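The sequence shown begins at 3 in our numbering and counts up one residue at a time. Below is one structure, written out as structure tokens; comments come after it.
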Amino acid sequence: MTIADLKAKLAERGVRADAYSFSASPSTSRYVLSKETYGWIVYSTLGDMPTRERMFPDESAACEFMLSLIEGDPTVMSGSSAG
Numbered sequence: 003m004t005i006a007d008l009k010a011k012l013a014e015r016g017v018r019a020d021a022y023s024f025s026a027s028p029s030t031s032r033y034v035l036s037k038e039t040y041g042w043i044v045y046s047t048l049g050d051m052p053t054r055e056r057m058f059p060d061e062s063a064a065c066e067f068m069l070s071l072i073e074g075d076p077t078v079m080s081g082s083s084a085g
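This is the structure:
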């Protein structure tokens, strides 16, 4: 899976666009996937603090992991009042 594939799946599932980011720059997004010099990193945030950080050697594994995190979080769905 590529980032483009992941974006399409998230849109199909009705995930709010502000719930995720594909850049490590400061963000209010809850989930972040970023390409770094040493590989791919995925983390969720709690306030300003990254949590559950995980590194992957390839884009596909990182995208699959991020999708699994997001699918397990009903607060990121469009129309959700939680969050």
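Virtual Cβ for every residue (Gly too), placed ideally from N, Cα, C. These numbers were taken from a predicted model, which means no experiment stands behind them.
Comparing C-alpha distances from S23 to each of R15, S62, Y45 shows the shortest one belongs to Y45. Proximity to T47 across D7, K11, V78, P59 peaks at V78, based on C-alpha coordinates. For L8 and C65, the gap between their C-alpha atoms comes out near 6 Å. Within the same chain, Cβ atoms closer than 6 Å to the Cβ of S80 are found at G16, R18, the five residues on either side in sequence being excluded.
DSSP places S62 in the helix class (H, G or I) of the three-state scheme.
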